[in-house]
């Protein structure tokens, strides 16, 4: 045989063997929205599945560090890109839209992923390597071409996975058409059934799966509440169902399961209304019909708020005025400007999404978008709502991190990890590489 032909054949065989090894590997990343790190430290929280996974694998006992702002979309995006918002540019639950100079801004979630996320994702890299990818209720992933199987946050009758589930009798046409009208508990159930279906029918190499009742219950009832803890326990049972589906599919022994969350939670008693402050100062005007004309507009994110100047020509003059104005509002602990953004992992303002200022709430306070009323109001008597979005340096914002299964050592206890470490570690387990990331491979947990 010609030497060149032999070498080519050898290289081809090696490449084929490498791809076969990759395709036999599976990673499932489960996100339990708002599950606080302190929740797992309480011995009496009934989450036996998570505790069993942690005992058989690795756990960050000191919690997982989140990114700013500590809200859903930025953190989910950091989890699967390995970079902070300064790298991927997702700073809110959607894309900030500036439709008209001098008017209020709005947030549009249904923007195609390439326009939303400005960094390569784990599923992009896996797909490029020939692996199959899947997502159930993940975020900032709308119409992602590198997802093989999808059951999105709002399913459509034309979605292939939805068609399969309808044919199997798992979901009805009426369920799909009225999906958003269902309670979050019911939607979580549908998303769980979708994850089970995708695992058993398609056995994807990578599955991203996200549950929301944990977040909704704590928003309503507060952190460490009866309602909140009940939701955490229910989520634990749904993780158990995913493990059972992996076993039925015959791939459990070849699968690594990550259980993470996007942020923690805390309870508040006072609400700061920065747009009402702007209206009092003549910087916001609400016209008949509800249209808002404004020189500045604030988008609340729970424990922080994003201040956008809506008329670029007034920025130099208005910025110091706003800094001074908000610094005097009760409950505002800090006013961050662009000079501080690098320290907190925010993007620069020239990327088009970042605010001109960030307001950070003191303990016991949260922000709202109301345009009327006092600058600060108390929550209704008897209510104990919860929020997140506080600066990531607040320990209450720490998330959970568990890794268990194929390729993970048993009984590893880490102090802290960062959510930007998840993507490079998962990539390593899949036999691919995340390049130019801020996170690192957690080699100490890998066996």
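In the working numbering, the protein residues as written are 1 to 447. Beta carbons are placed, not taken as given, at the ideal position from N, Cα and C, and that holds for glycine. Just so it is clear, the structure is predicted and the values come from calculations on it, not from any experiment.
Item, Value
"C-alpha distance - residue 183 paired with residue 318, whole-angstrom precision", "43 angstroms"
"Check whether residue 118 and residue 108 have beta carbons under 7 angstroms apart", "no"
"Cβ pair count under 8 angstroms reaching 3, the region 25 to 34 against the region 206 to 213", "yes"
"C-beta atoms of residue 47 and residue 236 nearer than 7 angstroms", "yes"
"Buried versus exposed, by CB contacts within 10 Å (16 or more), residue 156", "exposed"
"Buried versus exposed, by CB contacts within 10 Å (16 or more), residue 65", "buried"
"Buried or exposed by the 16-neighbour rule on C-beta atoms within 10 Å, applied to residue 301", "buried"
"Rounded straight-line distance, which links the Cα of residue 333 to that of residue 354", "20 angstroms"
"Run of the alpha helix (DSSP H) containing residue 245, from where it starts to where it stops", "226 to 248"
"Test item: CB-CB of residue 101 and residue 311 under 7 angstroms", "yes"
"Alpha-carbon spacing of residue 123 relative to residue 434, whole angstroms", "10 angstroms"
"Where residue 83 falls: helix, strand or coil (DSSP)", "coil"
"Proximity winner among 255, 284, 83 and 360, relative to residue 431 (alpha-carbon distances)", "255"
"Neighbourhood of residue 384 by C-beta, 6 angstroms cutoff - its chain only, sequence neighbours within 5 removed", "222 and 267"
"Residues that residue 306 bridges to, as DSSP identifies them", "299 and 358"
"Option nearest residue 313 by Cα separation, candidates 360, 325 and 295", "295"
"As assigned by DSSP and simplified to three states, the class of residue 325", "helix"
"Closest residue to residue 305 among 225, 33 and 68 (Cα-Cα distance)", "68"
"Neighbourhood of residue 230 by C-beta distance below 8 angstroms, restricted to the same chain and skipping five residues each side", "217"
"Three-state secondary structure assigned by DSSP to residue 438", "coil"
"Spatially closest choice to residue 214 from 436, 241, 262 and 323, by CA coordinates", "262"
"Nearest-angstrom Cα separation, counted from residue 227 out to residue 444", "36 angstroms"
"Proximity of residue 402 and residue 53 at Cβ, strictly below 7 angstroms", "yes"
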